[in-house]
DNA sequence: CTCGATTTGATACATTATATCATTTCTCAG
DNA sequence: CTGAGAAATGATATAATGTATCAAATCGAG
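Chains as they are written, first to last, in the working numbering: chain A, 12 to 149; chain P, 12 to 149.
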């Protein structure tokens, strides 16, 4: 993992495993479960779930990967990297995912909802629905 | 389950299992995993996971139970029952949970974020953080 | 170089969730 | 009332997701 924790921000500070996992996610451009990622990176030498989960945790803390809690799945950040001001919309049928950036105004409005006695650390905002294509198909 | 599906809205249309599961959740007043619920209702005769998950699905569709995706856990609705306009804030340390009602203004703002080509079915909004008590303890 | 710390690898297991089929219960047409 | 079909529940088995723990390798400071 080299010197990542001295200045948590340069892509080339990613560990080899993080790079492999990130590339798998970027290739897919669809959300992948940790085990789907594992299958995908197995040829490159990663062979155990904790290795994948560790890489994902690292990438998530850098904002380069986001976890979709509604799907128990992961996606590469559409912007390369971003902080906590994002949301996701996805189609429950075809699993197409759209990353949504929250502008300051929206984000600040959200934060106002949080009770005063909780120090906010992480916001999860996910919209599930059916995309036009899947509605048409139905 | 009696006549529930003819007019999805009266509490006394709940199945016996739904009543048991709902009471377990209301007793706890903290989020419970499906398996914690199972342990809790086992004395009353429920003994298999699918039974609990089925009851939870029914209760959730009635808005009487909400699933916290961030915790893979369930809570009884603080209002008895409510539609999709709610959010949760919880402390990652002590797991205390607060249900937040979204007023129309907030909700409509959120909905505007959803891409036009997705027909929204479900919104997940969850805030994770540390409550004052747990911060003090740290 | 070598000690200690950090990262990675590996094993094993815990937790969460669901597919499937068998059984029971309910409904209602006759 | 009754029996056939539908709906709900029970039970079994297993799939999918996630983590604790320790061992081995690697790295960096002294």
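For every residue, glycine included, the Cβ atom is placed at its ideal position computed from N, Cα and C.
{"Check": "Using 8 Å as the cut-off, can you tell me whether the segment 52-69 of chain A makes contact with the segment 104-112 of chain A, which would need three or more C-beta pairs spanning the two stretches below that distance?", "Outcome": "no"}
{"Check": "Quick one, which of A:89, A:110, A:128 has its alpha-carbon nearest residue 146 of chain P's?", "Outcome": "A:128"}
{"Check": "With 9 Å set as the bound, which would you pick, yes or no: does the beta-carbon of residue 88 of chain P sit closer than that to a beta-carbon of chain A?", "Outcome": "no"}
{"Check": "Going by beta-carbon coordinates alone, are residue 134 of chain P and residue 74 of chain P separated by less than 9 Å?", "Outcome": "no"}
{"Check": "Decide if residue 60 of chain P is buried, meaning its Cβ has at least 16 other Cβ atoms within 10 Å, or exposed.", "Outcome": "exposed"}
{"Check": "Please classify residue 92 of chain P: is it buried, with 16 or more other beta-carbons within 10 angstroms of its beta-carbon, or exposed?", "Outcome": "exposed"}
{"Check": "Below 8 Å CB to CB, which residues in the same chain sit around residue 113 of chain P once its five sequence neighbours on both sides are set aside?", "Outcome": "96, 97, 98, 121, 136"}
{"Check": "Any C-beta of chain P within less than 8 Å: which residues of the segment 109-124 of chain A qualify?", "Outcome": "109, 111, 113, 117, 120, 121, 124"}
{"Check": "Rounded to a whole number of angstroms, what is the C-alpha to C-alpha distance between residue 13 of chain A and residue 35 of chain A?", "Outcome": "With a pLDDT of only 40 at residue 13 of chain A, under 50, the local geometry of the prediction cannot be trusted, and the value read off the model is given with reservation. The straight-line gap from Cα to Cα measures roughly 21 Å."}
{"Check": "How is residue 125 of chain P classed by DSSP in three states: helix, strand or coil?", "Outcome": "coil"}
{"Check": "Rounded to whole angstroms, what is the Cα-Cα separation between residue 143 of chain A and residue 39 of chain A?", "Outcome": "22 Å"}
{"Check": "Return the chain-ordered ranges of every beta strand (DSSP E) run that is complete within the segment 57-141 of chain A and spans a minimum of 3 residues.", "Outcome": "76-79, 84-87, 97-102, 108-112"}
{"Check": "Going by C-alpha to C-alpha distance, which of P:46, P:141, P:26 sits closest to residue 100 of chain P?", "Outcome": "P:141"}
{"Check": "Would residue 80 of chain P count as contacting chain A if we go by Cβ distances under 9 Å?", "Outcome": "yes"}
{"Check": "Given that residue 100 of chain P touches chain A, what residues does it touch there, using C-beta distances under 9 Å?", "Outcome": "124, 125, 126, 129, 131"}
{"Check": "Straight-line CA distance for residue 64 of chain P to residue 116 of chain P?", "Outcome": "33 Å"}
{"Check": "Please decide whether residue 41 of chain A counts as near chain P, where near means a Cβ-Cβ distance under 9 Å.", "Outcome": "no"}
{"Check": "If we cut at 9 Å on Cβ distances, does residue 37 of chain P have a partner in chain A?", "Outcome": "no"}
{"Check": "Report yes or no: is there a C-beta of chain P within less than 9 Å of the C-beta of residue 137 of chain A?", "Outcome": "yes"}
{"Check": "Is residue 62 of chain A close to chain P, meaning its C-beta is less than 9 Å from at least one C-beta of that chain?", "Outcome": "no"}
{"Check": "Going straight from the alpha carbon of residue 151 of chain A to that of residue 33 of chain P, what length do you get?", "Outcome": "The structure shown has nothing for residue 151 of chain A, since chain A only spans 12 to 149."}
{"Check": "Suppose you measure from the CA of residue 83 of chain A to the CA of residue 79 of chain P; what does that come to, to the nearest Å?", "Outcome": "13 Å"}
{"Check": "Take residue 55 of chain P and list the residues in its own chain whose beta-carbon comes closer than 7 Å to its own, dropping the five residues that flank it on each side.", "Outcome": "31"}
{"Check": "Which residues of chain P have a Cβ atom closer than 7 Å to the Cβ of residue 146 of chain A, listed in chain order?", "Outcome": "130"}
{"Check": "Would you mind stating whether residue 53 of chain A and residue 87 of chain A have Cβ atoms separated by less than 9 Å?", "Outcome": "no"}
{"Check": "Along the chain, where does the alpha helix (DSSP H) that runs through residue 50 of chain A open and close?", "Outcome": "45-52"}
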